[in-house]
Amino acid sequence: AQLSSVLAGSTIRATVPTEFTSFCADASIVTSSAVWYKIVGDNSFLQASTCQSSGSSDSAFDTQITILTGDCGRLRCVAGNDDGVQNCAEQSSVLWYATRGET
Numbered sequence: 004a005q006l007s008s009v010l011a012g013s014t015i016r017a018t019v020p021t022e023f024t025s026f027c028a029d030a031s032i033v034t035s036s037a038v039w040y041k042i043v044g045d046n047s048f049l050q051a052s053t054c055q056s057s058g059s060s061d062s063a064f065d066t067q068i069t070i071l072t073g074d075c076g077r078l079r080c081v082a083g084n085d086d087g088v089q090n091c092a093e094q095s096s097v098l099w100y101a102t103r104g105e106t
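Taking my numbering, I'd label the letters of the sequence shown as residues 4 to 106.
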């Protein structure tokens, strides 16, 4: 299913995270720079993806996605992916249910 909006991101201000340092689903422990986004759930399925259309080099490096919920210092794993998407090379994609009001 296609989502109704797309948010393009960048790794320009990426930092090495210290808030969450354990495995999350299919994603490994993060040891390199990461970009964080905050989303408030609305009781719908959401998708985060670094997969690009054929021929694009925008994400031509190894990625992984970790979906967390909760407050800083008390984050819980919701979903994660590291190179686990067919026809997406070393990129990642995660589909999860975002509960209303949860971040």
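Yeah, the Cβ is synthetic: ideal placement off N, Cα and C, and Gly gets one too.
Since this is a predicted model, take the numbers as computed values, not measurements.
Own chain, CB closer than 6 Å to Val81, minus 5 neighbours either side, in chain order: Ile70, Thr72 and Trp99
Gln67 to Gly104 span [Cα, whole Å]: 25 Å
Please state whether DSSP places Ala30 in a helix, a strand or coil. strand
Beta-carbon separation of Thr106 and Ile42 under 9 Å? yes
May I have the straight-line CA-CA distance separating Gln55 from Val9, to the nearest angstrom? 13 Å
To which residues of the same chain is Phe48 closer than 8 Å at the C-beta, ignoring the five residues directly before and after it? Ala4, Leu98, Trp99, Tyr100 and Ala101
Run the CB neighbour count on Ala51, radius 10 Å, all protein chains shown included, and call it buried at 16 or more, exposed below. buried
What do you reckon, are the CB atoms on Asp74 and Glu93 nearer than 9 Å? no
Closest to Arg16 by C-alpha separation, out of Trp39, Gly76 and Cys27, would be which residue? Trp39
Who are the near neighbours of Cys27 in its chain, counting only those whose CB is closer than 6 Å to its CB and skipping five residues on each side? Thr69, Cys80 and Gly83
Does DSSP put Tyr40 in a helix, in a strand, or in coil? coil
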